[in-house]
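Below: the structure, in structure tokens.
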Amino acid sequence: MMHVYEFEVFEDDGWYLALPFGMEGGTQGKSIKEAAINASDWLQIEMEHRAMRELPFPQETFGNEPRNNGKIMLVAVNAGTNTVPRVTAAEAARRLGVTRGRVSQMIASGLLEIFELDGRTWVSTYSVDARLTEKPKAGRPRKATLA
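Counting from 1, position 109 in the sequence shown corresponds to residue 109 in the working numbering; the numbering is continuous, with no gaps.
Rendered as structure tokens:
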């Protein structure tokens, strides 16, 4: 599904901020081009998140006036559950170096994000990659000692 939204781009403290109209959040870049690329990535992930969670998409609005003396930029992405990078639970286990049972535990505790597409359950590679980036240590965390 194609999503088109207006963003305001303006300079602030050496950064170019890109803030969408009608949504919370935004992104930034060291140049207008970088801010535009990051706005596209941000919108892609935001729309995929909403699709996976079956959340409503914000109403597209056009003709917005700048709020921060910036410029208006249109950002368009094709995003939905079909565009979410995904793997099976077995592949997630292989990538994470854990058992399939541990993946089920991680899903149940919200450490991995799942969604349904075409009657199958998938694990988003975004959540697998985030888990790999965190590199949690094996075993239980140590109890804090009182000083």
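Positions of the beta carbon are idealized from the N, C-alpha and C atoms, including for glycine.
Checklist line | Identity of the residue in Gly22, Arg67, Ala89 and Glu34 nearest Phe148 by Cα | finding: Within the shown structure, residues of the chain are numbered from 1 to 147, placing residue 148 beyond reach of any answer.
Notebook entry, point to check: Would you say Ser31 and Val75 are within 9 Å of each other, going by their C-beta atoms?
Noted result: One-based indexing of the sequence shown puts residue 31 at position 31. One-based indexing of the sequence shown puts residue 75 at position 75. In this structure, Val75 does not lie closer than 9 Å to Ser31 by Cβ.
Note to self: Using only the alpha-carbon positions, how far apart do Ile153 and Phe62 sit?
What the structure shows: In this structure the chain extends from 1 to 147, so residue 153 is not present and cannot be described.
Note to self: If you follow the alpha helix (DSSP H) that Thr133 is in, where does it begin and where does it stop?
What the structure shows: For the purposes of this step, residue 133 is identified with residue 133 of the sequence shown, where counting begins at 1. Where Thr133 is concerned, the enclosing alpha helix (DSSP H) stretches over Thr125 to Glu134.
Item checked: 8 Å CB neighbourhood of Ser104 in its chain, flanking five on each side removed -> Residue mapping note: residue 104 aligns to position 104 of the sequence shown, counting from 1. Contacts found: Ala89.
Next item on the list: Taking 9 Å as the cut-off, decide whether the C-beta atoms of Val77 and Leu55 are in contact.
Entry: Position 77 of the sequence shown, counted from the first residue, corresponds to residue 77. Position 55 of the sequence shown, counted from the first residue, corresponds to residue 55. For Val77 and Leu55, no; Cβs fall outside 9 Å.
Next item on the list: Could you please give the first and the last residue of the uninterrupted beta strand (DSSP E) stretch that includes Glu11?
Entry: Stepping through the sequence shown from its first residue, residue 11 is reached at position 11. Segment Met2 to Asp12, the beta strand (DSSP E) holding Glu11.
Notebook entry, point to check: Closest by CA to Arg95, which one among Thr81, Ala79 and Leu112?
Noted result: Here residue 95 refers to the residue found at position 95 when the sequence shown is read from its first residue. Comparing alpha carbon positions, the residue from Thr81, Ala79 and Leu112 closest to Arg95 is Leu112.
Margin query: Could you tell me the alpha carbon to alpha carbon distance between Ala79 and Thr125, rounded to whole angstroms?
Written below: Within the sequence shown, residue 79 is the residue found at index 79, counting from 1. Within the sequence shown, residue 125 is the residue found at index 125, counting from 1. So the alpha carbons of these two residues sit roughly 15 Å apart.
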